[in-house]
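**Student:** Numbering (our numbering), first residue to last: 132 to 1296.
C-beta: ideal position from N, C-alpha, C; glycine also.
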Amino acid sequence: MEYNFREVEKKWQEYWAKNKTFRAENKSSKPKYYVLDMFPYPSGAGLHVGHPLGYIASDIFARYKRLKGFNVLHPMGYDSFGLPAEQYAIQTGQHPEITTKTNIARYREQLDKIGFSFDWEREVRTSNPDYYKWTQWIFIQLFNSWYNPETNKAERIELLIQRFRNGSLSFGAGSWDSLSEKEQSDILLNYRLAYLSETMVNWCPQLGTVLANEEVKDGVSERGGYPVERKLMNQWSLRITAYADRLLTDLDGIDWTESIKEAQRNWIGKSEGTSLKFHLSPGKEQNSQSPHPLPLSKGEGSASQKKEESIAAKEIGGEPGYITSNKKIWGNLKENARANRKEQTEAEEILWDKVRDNKLGFKIRRQHPVDQFIADFICLDKKLIIEVDGSIHEYQKDYDEGRTFMLEDIGYRIIRFSNSSVKNNIDFVCNGITKALNAPIEQEHTSGSVTPLLWRGAGGEANDGKGFIEVFTTRPDTIFGVSFVTLAPEHELVEKVTTAENKKAVEEYVTMAKNRSERERQADVKKITGVFTGSYVEHPFTGKQIPIWVGDYVLAGYGTGAVMAVPMHDTRDFAFASHFGIEKHMVIQPPVDWDFAMNSYDEKSGKLINSDFLNGLEVKDAVKKAIAVIEERGLGKGKTNFRLRDAIFGRQRYWGEPIPVYYKHLSPTLSTGEGDVIPCVVDEKDLPLLLPEVDKYLPTETGEPPLARATSFKKDGKWDYEFSTMPGWAGSSWYFLRYMDAHNEKEFVSKEAVDYWQNVDLYIGGAEHATGHLLYVRFWTKFLNDLGLIPVIEPAKKLINQGMIQGVSEKMYMFQGRRNSWGPNSPLTDTQFIFKGGEPRPIFFSADILNSYIERCKKAGDDPKSIFDEITSINVDIRLVKNGKLNIAEFISWNKTGEWTKAVFICSGSETVYYDGQWYDQNNNIVNASDFNTFQEVEKMSKRWHNVVNPDDMVEQHGADCLRLYEMFLGPLELSKPWNTNGITGVSNFIRKLWRLYHKDDELNVSNEPATKPELKVLHKTIKKIISDIEGFSFNTSVSNFMICVNELTELKCNKREILEPLAIIIAPYAPHLAEELWSKLGHNDTITFAAFPECKEEYLVESAFNYPVSFNGKTRFFHEYELSLTKEDIEKQVLTLEQTQKYLEGKTPKKIIVVHNKIVNIVV
RNA sequence: GCCCAGUUGGCGGAAUUGGUAGACGCGCUGGUCUCAAACACCAGUGAGAAAUCGUGCCGGUUCGACUCCGGCACUGGGUACCA
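(1) Pair every Cβ in the segment 164-177 with every Cβ in the segment 829-840, then say whether three or more of these pairs are closer than 8 Å.
(2) Tell me whether L820 sits in a helix, a strand or coil according to DSSP, three-state version.
(3) Tell me the residue span of the beta strand (DSSP E) that contains V1295.
(4) Note down, in chain order, each residue of its chain lying with its Cβ closer than 6 Å to the Cβ of M364, except the 5 sequence neighbours on either side.
(5) What ranges does the beta strand (DSSP E) occupy inside the segment 774-813, keeping only unbroken runs of at least 3 residues that lie completely in it?
(6) Between which two residues does the alpha helix (DSSP H) containing L1255 stretch?
(7) Measure the Cβ-Cβ separation of K770 and F603 and say whether it is below 8 Å.
(8) How should P721 be labelled, buried or exposed, when 16 other C-beta atoms within 10 angstroms of its C-beta is the threshold for buried?
(9) Is the beta carbon of W1025 less than 8 Å from the beta carbon of F212?
(10) Between which two residues does the alpha helix (DSSP H) harbouring L1191 extend?
(11) Do the segment 927-935 and the segment 385-392 touch if we need at least three Cβ pairs shorter than 8 Å?
(12) Mind checking whether W398 and T902 have CB atoms under 8 Å apart?
(13) Between which two residues does the beta strand (DSSP E) containing D168 stretch?
(14) Could you give the residue range of the beta strand (DSSP E) that holds C1038?
(15) Is it the case that the Cβ atoms of G781 and Q366 are separated by a distance below 8 Å?
(16) Is the separation between the beta-carbon of Y1253 and that of F1237 shorter than 8 Å?
(17) Within 8 Å, do at least three Cβ pairs link the segment 295-314 to the segment 749-759?
(18) Which same chain residues, not among the five before or five after L868, have their C-beta less than 7 Å away from its C-beta?
(19) Using only the alpha-carbon positions, how far apart do R487 and K514 sit?
(20) Have a look at N562 and L300 and give me their C-alpha separation to the nearest angstrom.
(21) Are P171 and D210 closer than 8 Å when you measure CB to CB?
(22) Apart from the five residues just before and just after V203, which ones in its own chain have a Cβ nearer than 7 Å to its Cβ?
(23) Tell me whether C1185 sits in a helix, a strand or coil according to DSSP, three-state version.
(24) Output the boundary residues of the beta strand (DSSP E) element that contains E403.
(25) Do W850 and Y793 have their C-beta atoms closer together than 8 Å?
(26) Which term fits Q1273, buried or exposed, when burial requires 16 or more other beta carbons within 10 angstroms of its beta carbon?
(27) Exposed or buried, which one is A1020 when buried takes at least 16 other CB atoms within 10 Å?
(28) Give a yes or no on whether the C-beta atoms belonging to S478 and K566 are separated by under 8 Å.
(29) Does the segment 612-630 come into contact with the segment 672-686, if we say contact requires no fewer than three beta-carbon pairs (one atom in each stretch) closer than 8 Å?
(30) May I have the straight-line CA-CA distance separating A506 from W483, to the nearest angstrom?
(31) Who are the near neighbours of Y146 in its chain, counting only those whose CB is closer than 6 Å to its CB and skipping five residues on each side?
(32) Please determine if the segment 270-288 and the segment 909-921 are in contact, where contact requires at least 3 C-beta pairs separated by less than 8 Å.
(33) Out of curiosity, what's the CA-to-CA distance linking K1108 and E1070?
(34) Could you have a look at T223 and say whether DSSP puts it in helix, strand or coil?
(35) Return the chain-ordered ranges of every beta strand (DSSP E) run that is complete within the segment 1016-1085 and spans a minimum of 3 residues.
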């Protein structure tokens, strides 16, 4: 009886399921081990062929760890929310839940067939309410948290409010409690880790949704390849940027593949440099429509109105005071300050009365110039600025906060009060000011990454030419090489610095640049565009005039949206300057032969020249010195920038977790007459917020997301819930925790469970998730850890990437028509051409004929295509081809149109021709079948190319154990490789051979006699190899080693229990069904799953002699065996006496003899 | 462009800290069995007639290099004007 894999595999799969063999306990005396596979999305196409590869590897490891005495958690579940099910729903009207369920059932069936040791009791599905309840719960925690830059941790938002209340942290306006609910809500949104803001998003009209950066590839959506455009939308986002530095530094502590870590590092994109201000240069070219700088506060009304008002003349008052501003613009500001004082708002007058003449114990000035701004009130001793704002307008907010940040940057604290607070509660305001005056001066603002403020388009007011442009640079050493400054087209100063005569050109350019889609922008990166504004800035050290340009090579979203261009030492600046003929200055001595005609010298090495105080320094030192001087002179500050952006968290789609937010309408206010709306999170006790039923899975007529169709989807029947749903990665950002405690109804995971399981010990999955899932899950883990909810800061200790699986396409070329007579290089001679004069038939050539034909054409310089009218490439279904040989009859009937029934197949070697169902030789005699070869090409696996390999088919034909072994045998796990089933028969044979070791004439034939030394040696050699292979994740070599072991034992005719029993155990992780069957036949009543993995006993491996390769000058010539007890000297002497040695010496005397014990003998002649 | 990984027979791939290059398997060739084929089993299989030459290419270190060093080419993946 041959091994019947169908029966055996079914039997053991049923046994495992019935006995719950792989159930993991949350309490155990055994050490724990957590093996996790990346979540599959259950697509309609069934299990992707790339999936089993990783699953088999992790399963082998899980089973191995069980044999090694670990309590193993090895779960599986489904990332079941997502676009494909929804697209299908839109097309068919079928509820995505139904599709999802069907798909999951199919996945499960496929997974079960491969014999995985998953603990199915812990299965999770992200689309189940009992799962997404906790995804929503975590969102609420994010909403209710802020990032404290001092503790460098997320904290409850209550702690922030507390600090606002007690004045230990400034939020802008004086007293927290005097603020309206709306004002408080708005301020808090600037700090919450889940926040709503107007953001530039990647909008995909075809998908009707917003995509994350990593879902966009080359300007089109990753899924479907639809165009993507930039659009400003009000969106929920997660403040992942707060974690940028920790996400980066903690990478060092985890054992992940270097390529993933590198991809994350690049994605986070930390760059250290400095900010630097370039003051606008006064000049006749300037556009001086607004002659005065703006006050910090702008009185009532909209932003634009305020600007107008500020121009109006104001009363002169107060004193000249200290020069707190840039000296050059001091005079100018002073004038404006005087003007401002003429027109004080009512609130400002009230406050002035309360604070003037040292009434609060400190000297307070009003309308005092600071830096480029004018402060409403200022206490110079305490470096405290007091601002009285109108009601904060949405658009103005970022802007004011930007200035707050800048002033704080140079050491000022700013507190803000609303006009209404001053008018209605002046005592409270005064209290707040006193508190602030008496509070110790806080530490300076640190890294820009932790500020919750959006900080874009930095620069001071520029309307009188006295403002500045702030740039970010990592190369402050090249400051003396600056020859222009470039602003991003979206930069807020563009309009202001443009002179009247350049206005038209700049406006046209900006409009063009903004409308250019992302895709176009990416498509012609090389195309250099830009325009001169007509204005200049002053060089901060030389005072020289530097032109301001606008160019779309500068990104509005990075740094300050402005760069100092150093064409000689930056490739992009070089290209820009060359294109527009702008001058270039060399400031770093390049190597002698450097060709500046074509290239800038970007290297961070060399000595500084033409650079004043930096001359002679090495780049590294020059950077340090430049930063020091810039800081000293107050021109800028050392800064760190991150490329990482906050993660957009809303999708305008149906099939996802509802965001547990509703919009509360506040009572109407006097000023506006209508009620403000604030976002609030759903009460935790009301979770889950269920996904409502809708009539269609499409947006509403007004363009609202599908959830808006559910008219009853309202909080308490009156307030709208958020209509967008969470992105696909929400559920997968914490699923590793849920597996630990999958059915907990009270918590997302219990403390006991997470304290026991901690985090994943081994995580296996594709590298395509490097900057998506793998970054977000790290972010959520850190966040949950900050709140003290879990004990770990990383989700997975070790991560291995399985390689991508590519398909192997089988290709053929069909030739039709015949243009020329056969030349000397033709694929056929005329005698071989059977149909001369007959009807034209399509011709197929075996690959070897075509290859040599093309080769001949190449040599002769002919065009191989010239002899036929038409050549068609055909992808043949790979099932019709075996080892590159086509089954012609099946191929002909494969084509439903019957187009190939008349075709002629010129077979391998051109000896034989097939047509009309027969093979003929050159003389038209009917002959036996011969081979027809196809071309093989590695392509993406896709239905379109007819090269998809279905794991089910493989299991059906060869069995699960064979599939498992073969997949591992293919090559290293992490290497991308084409999926080719040609070699599977070797593995199949191996399984039969292994079976035969235990059997004779269909009966189990295992002897209880003691094993011989050679048998033990084979076994223990194998044990040793297998252990080191598994632990080094080298699964392909372990399969080879099993083969070697079985071959050797077969050779030894070994059937000893002492050998075969341990052998069954060591192979059990790889071929579990077969191992279980053998185990039970050997007389065991229990599963092999928890048997003890055998130890390797070195004593069986000890050799007494070694067959030394004897080489001459490193080339091996012959072998000779020596006892290991011999010394090097003994061997040296003895090897010279050998006849063969003398032969190779050819009479010469050896210069040197090297003997490496147990390795080699090398004779140098 | 930049970053990462890789390049070994006809093919997938082995090769411990520098020490017998090509393990294991596929394919191929020949043989046994069979009326025949398939299966199975046995033998051979890097190239070359041979001397020899051979791990993408050029150079270096070493008694000895697939392995280490310098330079280059190509393939695959990531990223895309990140200042």
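**Tutor:** Inspection of the coordinates gives the following:
(1) No: the two stretches stay apart, fewer than three of their Cβ pairs being nearer than 8 Å.
(2) Counting from 1 along the first sequence, the entry for residue 820 is found at position 689. In the structure shown, L820 sits in coil (DSSP, three-state: anything other than H, G, I, E or B).
(3) Within the first sequence, residue 1295 is the residue found at index 1164, counting from 1. Looking at the DSSP string, the run of the beta strand (DSSP E) that includes V1295 is 1291-1295.
(4) By one-based count along the first sequence, residue 364 stands at place 233. For M364, where only same-chain residues beyond five positions count, the Cβ hits under 6 Å are V332.
(5) Secondary structure remark: continuous beta strand (DSSP E) runs of at least 3 residues inside the segment 774-813, in chain order: 792-796, 808-812.
(6) In the first sequence, counting from the first residue as 1, residue 1255 sits at position 1124. Premise fails: L1255 is in no alpha helix (DSSP H) and is neither H nor E.
(7) Here residue 770 is taken as the residue at index 639 of the first sequence, counted from 1. Here residue 603 is taken as the residue at index 472 of the first sequence, counted from 1. Cβ distance < 8 Å, so K770 and F603 count as in contact.
(8) Reading the first sequence from its first residue, position 590 is the one you call residue 721. Using a 10 angstroms sphere on the CB of P721, the tally of other CB atoms reaches 16 or more, which defines it as buried.
(9) Position 894 of the first sequence holds residue 1025. Position 81 of the first sequence holds residue 212. No, these two residues do not count as a Cβ contact at 8 Å.
(10) The count along the first sequence starts at 1 and reaches residue 1191 at position 1060. Going by DSSP, L1191 is part of the alpha helix (DSSP H) stretching over 1188-1198.
(11) Yes, since at least three Cβ pairs between the segment 927-935 and the segment 385-392 fall closer than 8 Å, the two stretches touch.
(12) Working through the first sequence from its first residue, we reach residue 398 at position 267. Working through the first sequence from its first residue, we reach residue 902 at position 771. Yes, they are a contact pair.
(13) As a first step, residue 168 is located in the first sequence; it is residue number 37 there, counting from the start. Unbroken beta strand (DSSP E) run through D168: 163-168.
(14) For the purposes of this step, residue 1038 is taken as residue 907 along the first sequence, with counting starting at 1. Under the DSSP assignment, C1038 falls outside any beta strand (DSSP E); it carries neither an H nor an E label.
(15) Position 650 of the first sequence, counted from the first residue, corresponds to residue 781. Position 235 of the first sequence, counted from the first residue, corresponds to residue 366. The answer is yes: Cβ separation under 8 Å.
(16) To locate residue 1253, count along the first sequence from 1; it is residue 1122. To locate residue 1237, count along the first sequence from 1; it is residue 1106. In this structure, F1237 lies closer than 8 Å to Y1253 by Cβ.
(17) Contact between the segment 749-759 and the segment 295-314 is absent, because fewer than three Cβ pairs lie under 8 Å.
(18) Residue 868 sits at position 737 when you count from the first residue of the first sequence. Here the set comprises F879, V880, V885, I921.
(19) As a position in the first sequence, residue 487 is number 356, starting the count at 1. As a position in the first sequence, residue 514 is number 383, starting the count at 1. Approximately 16 Å, taken between the alpha carbons.
(20) Position 431 of the first sequence, counting from 1, holds the residue named residue 562. Position 169 of the first sequence, counting from 1, holds the residue named residue 300. Computed Cα separation, rounded: 15 Å.
(21) One-based indexing of the first sequence puts residue 171 at position 40. One-based indexing of the first sequence puts residue 210 at position 79. In terms of Cβ geometry, P171 and D210 form a close pair [threshold 8 Å].
(22) Within the first sequence, residue 203 is the residue found at index 72, counting from 1. Within the same chain, V203 has close Cβ partners A155, Y164, V166, A193, K196, R197.
(23) Position 1054 of the first sequence, counted from the start, is the residue given in the question as residue 1185. Coil.
(24) Here the question's residue 403 lines up with position 272 in the first sequence. Here the beta strand (DSSP E) through E403 covers 401-410.
(25) For this step, residue 850 is matched to residue 719 along the first sequence. For this step, residue 793 is matched to residue 662 along the first sequence. Closer than 8 Å, so yes.
(26) Residue numbering aside, residue 1273 sits at position 1142 when the first sequence is read from its first letter. Looking at its Cβ environment, which holds fewer than 16 other Cβ atoms inside 10 Å, Q1273 is exposed.
(27) Here residue 1020 refers to the residue found at position 889 when the first sequence is read from its first residue. Counting Cβ neighbours within 10 Å, A1020 comes out exposed, since fewer than 16 surround it.
(28) Residue mapping note: residue 478 aligns to position 347 of the first sequence, counting from 1. Residue mapping note: residue 566 aligns to position 435 of the first sequence, counting from 1. Correcting the residue type first, residue 478 is Ala in the shown sequence and not Ser. No, the pair does not count as a contact, with Cβ atoms beyond the cut-off.
(29) Between the segment 612-630 and the segment 672-686 there are three or more inter-stretch CB-CB distances shorter than 8 Å, so the stretches are counted as touching.
(30) Taking the first residue of the first sequence as 1, we reach residue 506 at position 375. Taking the first residue of the first sequence as 1, we reach residue 483 at position 352. A506 and W483: Cα-Cα distance of roughly 13 Å.
(31) The residue given as residue 146 occupies position 15 in the first sequence. Here the set comprises nothing.
(32) Touching, yes, given that three or more Cβ pairs across the two stretches are closer than 8 Å.
(33) Stepping through the first sequence from its first residue, residue 1108 is reached at position 977. Stepping through the first sequence from its first residue, residue 1070 is reached at position 939. Near 11 Å, if we compare the C-alpha coordinates of E1070 and K1108.
(34) Position 92 of the first sequence, counted from the start, is the residue given in the question as residue 223. Reduced to three states, the DSSP call for T223 is helix.
(35) Fully enclosed beta strand (DSSP E) runs of 3 or longer: 1035-1037, 1044-1046, 1049-1051, 1066-1070.
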